[in-house]
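Report on one structure; see the data block that follows.
Residue numbers (my numbering), protein chains in the order written: chain A, 5 to 674; chain B, 5 to 674.
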């Protein structure tokens, strides 16, 4: 038998949103109104009342907002989250004895029953509340206390029956009682549900990745951090807001790889930035060939001036000459012959990389050291991290590490670069990664794209997993891009920029449409920037720079593209054409996108629009304003024609504009 | 930072079946193999191993069975539950270092790499296991210990490289290591998942409800418990296995209701059995007009002889003259005028009923007293209870009460008579009710029936909610039965008996097709047995007795009708015809049901059968053997004709029989 609470009759269950029953946090961003639903009910027919309780984690008092009943025992409420960090919510519900009495009292009076005893019951309930209020004292309650004491007298007056009509009509008493009636035998929800609130860029961001050493304007020397700084206006002019740099640390010399991943580097070969650590230092050092810490500080500062921020790549692995290998040999796995275990995927060997051994007995020191890498760069002004292969480090480490960092720095964002099996990618999202790489790169057909975006945006996955769509990365040049060339680069760019609120471009190879693989059937670039220095001609004809600029402008001007709710796909009778829309909750703003997935042929078809969902009058025409071409088309009814040529521009990004009637009876589009 | 377990890398999540993350038990029955799935993975690429752990609750040691990997980090296992009661399961998973080594070793050897160091690594792993085994001692391990020590020598032999092919081919080492390798840094699942195992009748039962006082063969006197005993052969002959009696306790005299719920009873009126308690006693007494405790004991005993059991109706409410009203006035709500609050649904008053006040400060004594009512009748041999209006008593009470009783009496079954909102009905299922009344009574169209049965059998609801379909009850004579008459009685009987594994009949009014309501628009029977004594002519022409007998026989002979898995609806081009099948997991046994929902017209249509799901050869004909009429039809291909007349029999219950070729090249149906 429960020691207490045997008198608590209210049940609270079915809380949403939640992740794994409250084990993990739901993701939100600053400024959101968190919409919460819960099932609440009790035995019998009494009236219930309840509150949503919420607070920033660590605060001692809860804020409350009333739960509003919907149908079938579903209750709703919402709360604002105005600062980044951990928030939490829960619920309390109770039998509202006065409201129950009042409901029944009105029915009895309507049925002209004798209500003498019922008036006394009401008086008793008011009397209990008066006593409860008196115990609380507080002058702010004085007036309500007097009013309630007055009501108590009126209800218990032997003459009260002659005033029942007035008593029924008065709304003051129910209001007073709702405010002050003690919450007798209240039920507290068994779980406190966590919410991870990121700043807005956690939800809405446009990333641009570039190799600093390829940023030199001078073909005779490699690029530096100062060259990156000089490149800022270019990147900013396109509208990106996160400039992400592959690792900038000293590159190992032992087993250094040559161009195209050659097993042996030549004397002048720069090596892979992911082979981290050399005599000059490890994860908190800067490769001397890129510049100094002062240069880096200047870059971070300068980026801010363009409303951009620098994201660093954190890859927890070491080159054989990383200082940790000498300082902390126990953090690596020793082989029976005394050597250190390098990375392998048998029969492949990666002798330039030593993985960390998280099973070391010295794991606590290792965890601290890794966390300190983040803290070091945070102190240098970095607030966005792209984490390399997080799925090859233990999940408990990430859960601890991300929480540790967020505790002091709730504005730091983490992007998980995990291209692996779905549940693993999901788990990293649950553990606190702000954003995640996705399978977008390998989702190319209409069917694949539709199914995948619906999974990401319209299932529970959306509660913990924020997708960041990349059409390519230094590691992945998909066959579609290789074969489709520029039309496919345009199509995939439009898809990435409009399907999800966060996307990223690996430039300049993307805007310059690099599409040559190292060999047939490979997803690796020929002469990949991972292993050698490049110089890019950014003014090359055919650059997608202006399309990127347009897309980022459209994204900034349309809030519906800054979130992933209200995505909808629209049927079109051509498998090469994909049509979808994103809209605001009230459908006031609708962006309708059509993309031709065929890089060779012009494709056309009839698309079906859900006029009702779009709040469009079926009797009135509406305007499709192509924000890319500037063209405006007048459409009628649900079924309309679309034709897209891959050469010109294989996409429409329409703003749908409704007719509005003006004072002068003249029609125009809003 | 976690105090320990920082080295544990395996993640266990996504357990199913489960109810609310393990807060409530999943339901199974004795003899079931509980099929469990779980997501298990770790960082990196190591091989994992894990076990499902299970036990009867209260046992100190777990039994284990290995988890078998399926695709995408899904692992499966099952365990048998051979006794009723509470069971529980959880999981442990770990990195299988030896299996990881072995997998990589085979790859290295295949790639003809130098494996000298790898052999030593393998020897180290074997050596650790040898030490681990030595610590455990135990002579049963001696032989394995010797073998492993031998392997350790072979792997560390400087000459081992010349034997790699033999080492690779040998399966003895991996088997030995899988058995004995220590589970280093294992992860235990965070939750222990409960399972409620009922005896088989919890899942598969056919109920027959009857009023004892209407069981008299002599029209000049009311029936008694002895008359019920005399009626046992009749009920048993129809194949029912639970005989459920409305309350048999003394009926209150104050405010007793007359026939058709008349406000005042006449001097000879027997009153409603649900107005429980009078001078003769309360919930543990027997109404003197029905007989004695000795009679009851005899009845319980006699029923067993027919493989039936008696179910009692437990209605926790009191007539004003119930002994508890005097003995425990604090268990009732007092009104300001000193009277006791009777039941109300304003403006309706039920002055013959006092509800119990579960908010009483004396709630612990009240809870104990109510539990003791069950225990009293359990001591008298009753193992099945139909609980009246459980949703008007607090949910925490039921959770405690059902658990308390099950602890000592795991074979007791409870049927929840809650006709209320869905989440409340579900909650009672979650709290431990073995079976539940449903909305079946109000689901009449093909669309309604399809949607409802799919919800009950093919969603998570099936984990905790066992539906019991009743075409009518003493409280509910649905308009469809009133209007449709005998054809509808037949159709609804077939639906109830074949859609779910448990169903119930309120007889004799059902087999005699009573269909007159007390007034138009009411679901109450005219001259309801609730308020007066009846005498039934069981041999009346048109009785559905033989159809009931047939259906219960078919149910007993076909295991697929004894469970709710593998229900499937089949498209037929006529809205008045509903077609569905139930089958065994391997489709060896298929029952295909077609029902005409139209009580007036013959209906026909073409039904579409899923030949592949049914494991039917599309090139071969198959036989539809109607188990009701005995007719056998030969069908070909997926699309076949059905015609059903409401007058004759508005249903087919087909056993599908495949062709089988015999030795003599003669074809027949199995």
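We put the beta carbon where it would ideally sit given N, CA and C, even for glycine.
I need the DSSP call for residue 322(B), collapsed to helix, strand or coil.
If DSSP states are grouped into helix, strand and coil, residue 322(B) belongs with the strands.
Alpha carbon to alpha carbon, how far is residue 490(A) from residue 651(A)? Give it in angstroms, no decimals.
The alpha-carbon atoms of residue 651(A) and residue 490(A) are separated by roughly 8 Å.
By the three-class DSSP mapping on this structure, what secondary structure does residue 240(A) have?
If DSSP states are grouped into helix, strand and coil, residue 240(A) belongs with the helices.
Within 10 angstroms of the Cβ of residue 108(A), are there 16 or more other Cβ atoms? Answer buried if so, exposed if not.
Result: buried.
Taking just the CA atoms, how far does residue 37(B) sit from residue 1(B)?
Because chain B spans 5 through 674 in this model, residue 1(B) falls outside it and cannot be assessed.
Which residue from 587(A), 581(A), 617(A) puts its Cα closest to that of residue 571(A)?
If we check each option's Cα against that of residue 571(A), 587(A) comes out closest.
If contact means a Cβ-Cβ distance below 7 Å, which residues of the segment 405–430 of chain A contact chain B?
From the segment 405–430 of chain A, only 425, 426, 427, 428 have a Cβ closer than 7 Å to chain B.
Answer with yes or no whether the minimum CB distance from residue 77(A) to chain B is below 7 Å.
For residue 77(A), the answer is yes, since a Cβ of chain B falls inside 7 Å of its Cβ.
Cutting at 8 Å between CB atoms, please list the residues of its own chain near residue 622(A), excluding the five before and the five after it.
Result list for residue 622(A): 615, 641, 642, in chain order.
Between residue 17(B) and the ligand ZN, is the CB less than 6 Å from at least one heavy atom?
Among the ligands in the structure shown, none appear at all, so the ligand ZN cannot be discussed.
Taking the beta carbon of residue 557(A) as the centre, do at least 16 other beta carbons fall within 10 Å, making it buried, or is it exposed?
Exposed.
Considering only residues of the same chain and omitting the five flanking positions on each side of residue 283(A), which have a CB-CB separation below 7 Å?
Excluding sequence neighbours, residue 283(A) sits near 325.
Counting along the chain, where does the beta strand (DSSP E) carrying residue 102(A) start and finish?
That residue, residue 102(A), is in no beta strand (DSSP E); its alpha helix (DSSP H) goes 101–114.
Under the DSSP definition of a beta bridge, which residues are partnered with residue 390(B)?
In DSSP, residue 390(B) forms a bridge with 317(B), 419(B).
Report yes or no: do three or more beta-carbon pairs, one from the segment 231–239 of chain B and one from the segment 209–216 of chain B, lie closer than 8 Å?
Output reads yes: the segment 209–216 of chain B touches the segment 231–239 of chain B.
Do you know whose CA, among 290(B), 104(B), 239(B), lies nearest residue 349(A)'s CA?
The residue with the shortest Cα to Cα distance from residue 349(A) is 104(B).
Closest to residue 391(A) by C-alpha separation, out of 547(A), 368(A), 421(A), 5(A), would be which residue?
The option with the nearest alpha carbon to residue 391(A) is 421(A).
Whose Cβ in chain B lies nearer than 7 Å to the Cβ of residue 117(A)?
Simply 351.
Can you tell me whether residue 678(A) is helix, strand or coil according to DSSP?
Any answer about residue 678(A) is impossible in this case: the structure gives chain A only from 5 up to 674.
Using a Cβ cut-off of 8 Å, which residues of the segment 9–21 of chain A contact any Cβ in chain B, in chain order?
From the segment 9–21 of chain A, only 9, 10, 11, 12, 13, 15, 17, 18 have a Cβ closer than 8 Å to chain B.
What is the DSSP secondary structure of residue 637(A), reduced to helix, strand or coil?
Strand.
Considering Cα atoms alone, identify which of 340(A), 379(A), 398(A), 376(A) is closest to residue 360(A).
Checked all of 340(A), 379(A), 398(A), 376(A); the closest Cα to residue 360(A) is 398(A).
Who are the neighbours of residue 135(A) on chain B, taking C-beta pairs under 9 Å?
None at all; the shortest Cβ gap to chain B is about 16 Å.
Counting only C-beta atoms, is residue 363(B) closer than 7 Å to chain A at any point?
By this cut-off, residue 363(B) is an interface position.
Going along chain A in order, which residues have a C-beta closer than 9 Å to the C-beta of residue 189(B)?
Near residue 189(B) (Cβ distances below 9 Å), the residues of chain A are 363.
How about residue 397(B): is its C-beta nearer than 7 Å to some C-beta of chain A?
Taking Cβ atoms only, chain A reaches closer than 7 Å to residue 397(B), which makes this a yes.
Could you tell me the boundaries of the alpha helix (DSSP H) in which residue 306(B) lies?
Taken as a continuous stretch (DSSP letters only), the alpha helix (DSSP H) holding residue 306(B) covers 297–309.
Got a sec: is the Cβ-Cβ distance from residue 124(A) to anything in chain B below 7 Å?
With 7 Å as the cut-off, residue 124(A) counts as an interface residue toward chain B.
Run down chain A in chain order and give the residues with a C-beta less than 7 Å from the C-beta of residue 5(B).
Those within 7 Å of residue 5(B) in chain A are 368, 371, 404.
Counting only C-beta atoms, is residue 31(B) closer than 7 Å to chain A at any point?
Cβ-Cβ to chain A under 7 Å: no for residue 31(B).
Interface residues of chain B around residue 111(A) at Cβ under 7 Å?
Per Cβ cutoff of 7 Å: 350, 351.
Residue 95(B) versus chain A: which residues are under 7 Å apart at the beta carbon?
By Cβ distance, chain A contributes nothing, its closest Cβ being about 15 Å from residue 95(B), past 7 Å.
So for residue 24(A), helix, strand or coil by DSSP?
It is helical.
Closest Cβ-Cβ distance between residue 479(B) and chain A: below 7 Å?
Chain A, which has no Cβ nearer than 7 Å to the Cβ of residue 479(B), makes this no.
Any beta carbon from chain A within less than 7 Å of residue 130(B)'s own beta carbon?
No, residue 130(B) does not count as interfacial toward chain A.
What does DSSP give as the partner residue(s) for residue 583(A) in the beta ladder?
According to DSSP, residue 583(A) bridges with 598(A).
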